[in-house]
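These notes are about the structure you will find just below.
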Amino acid sequence: MGRITLKDVTKSFGETQVIPPLNLEINDGEFVVFVGPSGCGKSTLLRLIAGLEDVTSGSININDMDATNIPPAKRGLAMVFQSYALYPHMSVRKNIGFPLKMAGIEGAQATKKIDEAAKVLNLTDYLDRKPGQLSGGQRQRVAIGRAIVREPDAFLFDEPLSNLDAALRVNMRLEISELHHQLKTTMIYVTHDQVEAMTMADKIVVLRAGNIEQVGSPIELYKNPQNLFVAGFIGSPKMNFINGTSALEYDAHTIGVRPEHLRASKSEGVWKGVVGVSEHLGSDTFLRVNVDGIEDGLVVRAEGDVELYHGDTVYLSPENDSRIYKFDRNGQAI
Amino acid sequence: MATQHSRSAAKLMNAPAVFLLLVWMLVPLCMTLYFSFLDYRPLRGVYEWADGFENYARFVSSSSFTDSVLTTLIMVGGILMITVIGGVLLALLLDQPIWGQGIVRILVIAPFFVMPTVSALVWKNMFMNPVNGLFAYLWKFFGATPIDWLSQAPIFSIVWIVSWQWLPFATLILLTAIQSLDSEQMEAAEMDGASALSRFAYITLPHLARAITVVVLIQTIFLLSIFAEIFVTTNGAFGTRTLTYLVYQRVLESQNIGLGSAGGIIAVILANIVAIFLMRIVGKNLDN
Chain A
2 MGRITLKDVT KSFGETQVIP PLNLEINDGE FVVFVGPSGC GKSTLLRLIA GLEDVTSGSI
62 NINDMDATNI PPAKRGLAMV FQSYALYPHM SVRKNIGFPL KMAGIEGAQA TKKIDEAAKV
122 LNLTDYLDRK PGQLSGGQRQ RVAIGRAIVR EPDAFLFDEP LSNLDAALRV NMRLEISELH
182 HQLKTTMIYV THDQVEAMTM ADKIVVLRAG NIEQVGSPIE LYKNPQNLFV AGFIGSPKMN
242 FINGTSALEY DAHTIGVRPE HLRASKSEGV WKGVVGVSEH LGSDTFLRVN VDGIEDGLVV
302 RAEGDVELYH GDTVYLSPEN DSRIYKFDRN GQAI
Chain B
175 MATQHSRSAA KLMNAPAVFL LLVWMLVPLC MTLYFSFLDY RPLRGVYEWA DGFENYARFV
235 SSSSFTDSVL TTLIMVGGIL MITVIGGVLL ALLLDQPIWG QGIVRILVIA PFFVMPTVSA
295 LVWKNMFMNP VNGLFAYLWK FFGATPIDWL SQAPIFSIVW IVSWQWLPFA TLILLTAIQS
355 LDSEQMEAAE MDGASALSRF AYITLPHLAR AITVVVLIQT IFLLSIFAEI FVTTNGAFGT
415 RTLTYLVYQR VLESQNIGLG SAGGIIAVIL ANIVAIFLMR IVGKNLDN
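Protein sequences appear in the order of chains A and B.
Read in order, the letters of the first sequence correspond to residues 2 to 335 in my numbering.
Read in order, the letters of the second sequence correspond to residues 175 to 462 in my numbering.
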């Protein structure tokens, strides 16, 4: 069981309120990702759930029990920290076994649990090493191992991959997703990386300045962003926003088109522009096109072998009018 | 750019400083070594070669030698224990967010700035004096007979005075060590179900091991030669004669420079043995 409900939770540090009243429901077995730019309060929210910070008002229920004033250790949650927070003077075995030791589980029973966790995480050969002798990815796995042995109701991950290099990050992303399928335990994952959010989540919670902007599955957020912020945050490269006359044609204050929903042509189209920097990724090419009247220009996804270069004139048009997102003056989707 | 040329230039530039340091250190050491083989008693006008290692043999065979070594070890050990344990506790306390933290921290460091002679005199006259001392008042207030600290518990008194002086040093180093402890580690331990006491035992204390090692090493080096505190309080009486003090007595009170110098050389050798011994035991903490 791992159902977590937040009711009107707020958090203030002194005078500044970092989290205005917030409601959220996390179901058992869900992989929930809190995503948002840095400083949006997502880590604070996680720490509130963990019990490392006290809520200013509101209540947190875990498995239908009021956990608002329960100390972190008794909430049945396990957390993986951004810095891994391994105990440097203990071997991997002792690190993973620490929660068991604190719970009074020792001897053969503890050894069995540690060995099981190490096997799941491919750490069996490293059990006698110190954290200092491990690579970043291995340390990360030890931190996860320390969380697993407690058999918690939910795992909390606080930007666990941000200290890893790009290749390892992709790898660990898959491993954590795989772990979630194996354990079927609730996981709450905090990240500022929307790619991580899109690839791992069952449910994404987009946060800005402590407010929940939108909650939904990755595809829902991609297809139906409720406002400009979510539209700009989800998807990579980010959505193009166009104000002014072009937008008025669609009865909107701002319209948004994703780079993948734009067509580039050498002869005709809605917007005429000049190719700026282009990024050739092999499979795709992202062209940054400077268009008169559109401040930030437009980014368009073209074929990998498109024959357009810096300085070429290009015409862009939306693929399909249904792929155009319309927003009103307040940035809300129409 | 450590080319051959710039490296030799650097050596050349360093040379005067290195030379000065070497002379500064070697000349007194060689003089002491030289004197230790002399029968040199200025007041009697004796200045001649001693009979081989006669001075050394006499210094070591006197009964006060073993006593003084023992006294030194007890004193150093006692002071180390008080400063390390007290330092850890004080550092933990000062690490807590409190009002006026900056001022409190400066006040805590203050005793370290007081000259040893002055602090020993202050303790001797203002606190430990059996008639006028504050402790005497305190004892009398509770209806007890005042203790003449410096004659009834002389070693403890001196240990106490020196500990008071060195506690700030230990606290300061341990405080910076505590502050360098990753807060996420503590939080992780908290999530793992560790109580405050086990967090201290399993996380804080191992983290402090290195700093404690440094404190023990540095303090030992300085404490082996405590002198002023003994000089102004007991004058070496009541079994407070340390090795350093014995050397002083041999040279200045007995006016036997040869014997004193031999004692000085023995003290240097013993201090080195203690240092090597300490390095062996605790030095492994400094690795990794």
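Backbone N, C-alpha and C define an ideal beta-carbon position, used for all residues, glycine too.
As the structure is a prediction and not an experimental result, all values here were calculated from the model.
| message | Does A:E117 come out as helix, strand or coil in the three-state DSSP assignment? | response | helix
| Close beta carbons around A:T11, own chain, < 8 Å, minus the five adjacent residues each side | Q18, I20, P21, P22, L23, V56, T57, S58 and G59
| task | Counting only the same chain and skipping the five closest in sequence on each side, list residues whose C-beta sits under 8 Å from that of B:P285. | result | S293, W338, Q339, L341 and P342
| task | Can you say whether B:F451 is buried or exposed, counting buried as having 16 or more other CB atoms within 10 angstroms of its CB? | result | exposed
| request: For B:P190, count neighbouring Cβ atoms within 10 angstroms of its own Cβ and tell me buried if that reaches 16, exposed if not. | output: exposed
| Taking DSSP as the reference, what is the three-state secondary structure of B:N462? | Any reading at B:N462 needs caution, since the residue's pLDDT is 48, under 50, leaving its predicted position unreliable; the model's value is listed next. Looking at B:N462 - three-state DSSP - the assignment turns out to be coil, as it is neither helix nor strand.
| field | Residue span of the alpha helix (DSSP H) that contains B:H179, given as start and end | value | Q178 to S210
| said: Counting only Cβ pairs nearer than 8 Å, list the residues of chain A close to B:I377. | reply: Near B:I377 (Cβ distances below 8 Å), the residues of chain A are Y88.
| query | Hey, is A:F99's beta-carbon within less than 8 Å of any beta-carbon in chain B? | reply | yes
| By Cβ distance below 8 Å, which residues in the same chain neighbour B:G432 in space, the five residues on each side in sequence not counted? | F209, S210, F211, L212, D213, Y214, R215, A224 and N229
| Can you name, in chain order, every residue of its own chain whose Cβ lies under 8 Å from the Cβ of B:V421, other than the five neighbours on each side? | G434, G437, G438 and A441
| task | Check whether the region 85-92 of chain A touches the region 120-140 of chain A, taking contact to mean three or more Cβ pairs, one atom from each stretch, closer than 8 Å. | result | yes
| task | Write down every uninterrupted run of the alpha helix (DSSP H) in the region 24-60 of chain A whose length is 4 residues or greater and which is fully enclosed by it, in chain order. | result | 43-51
| query | What residues in its chain sit with their C-beta under 8 Å from that of B:A327, if we drop five residues either side in the sequence? | reply | I321
| message | When you compare the CB positions of A:S338 and B:E364, do they come within less than 8 Å of one another, or not? | response | Because chain A is modelled from 2 through 335, residue 338 of chain A falls outside the range shown and cannot be assessed.
| task | List the residues of chain B that A:L53 touches, going by C-beta distances under 9 Å, in chain order. | result | E361, E364 and M365
| message | Assuming the contact rule is C-beta atoms closer than 8 Å, A:F99 and A:A144 should be a hit. Round their C-beta distance to whole Å, please. | response | Incorrect: roughly 11 Å between the Cβ atoms, too far for contact.
| Would the region 179-192 of chain A and the region 106-115 of chain A be scored as touching if the rule is three or more Cβ pairs under 8 Å? | no
| Same chain, Cβ closer than 8 Å to A:L78, five either side skipped, listed in chain order | I50, A51, G52, I63, P153, D154, A155, F156 and L157
| request: Determine the chain A residues that contact B:D356 at a beta-carbon separation under 8 Å, and present them in chain order. | output: S84 and A86
| query | Taking the alpha-carbon positions, what's the B:W313 to B:W323 distance? | reply | 12 Å
| message | Against chain A, does B:A380 count as a neighbour if the rule is that its beta carbon must be under 8 Å from one of theirs? | response | Note that residue 380 of chain B is Pro in the sequence shown, not Ala. Answer yes: the Cβ-Cβ gap between B:P380 and chain A drops below 8 Å somewhere.
| task | Taking 8 Å as the threshold, find out whether the region 274-282 of chain A comes into contact with the region 214-230 of chain A through three or more Cβ pairs. | result | no
| request: Compute the distance between the beta-carbons of A:A86 and B:E403, then report whether it is under 8 Å. | output: no
| task | May I ask you to report which of helix, strand or coil DSSP gives A:D9? | result | strand
| query | By how many angstroms is the C-alpha of B:V192 removed from the C-alpha of B:T206? | reply | Distance between the alpha carbons of B:T206 and B:V192: 21 Å.
| said: Quick check: what's the CA-CA separation for B:A445 versus B:F401? | reply: Distance between the alpha carbons of B:A445 and B:F401: 15 Å.
| query | By Cβ distance below 6 Å, which residues in the same chain neighbour A:S39 in space, the five residues on each side in sequence not counted? | reply | H193
| message | Using beta carbons (cut-off 8 Å, strictly below), is A:M188 in contact with chain B? | response | no
| message | I'd like to confirm the pairing. Which residues does DSSP put opposite A:L208 in its beta bridges? | response | A:I213
| request: Please state whether DSSP places A:K185 in a helix, a strand or coil. | output: coil
| How about A:K327 and A:A265: are their beta carbons less than 8 Å apart? | no
| field | Reduced DSSP secondary structure (H/G/I, E/B, other) of B:F401 | value | Three-state result, B:F401: coil.
| field | Three or more C-beta pairs below 8 Å linking the region 290-307 of chain B and the region 375-385 of chain B | value | no
| message | With H, G and I counted as helix, E and B as strand and the rest as coil, what does DSSP make of A:N172? | response | helix
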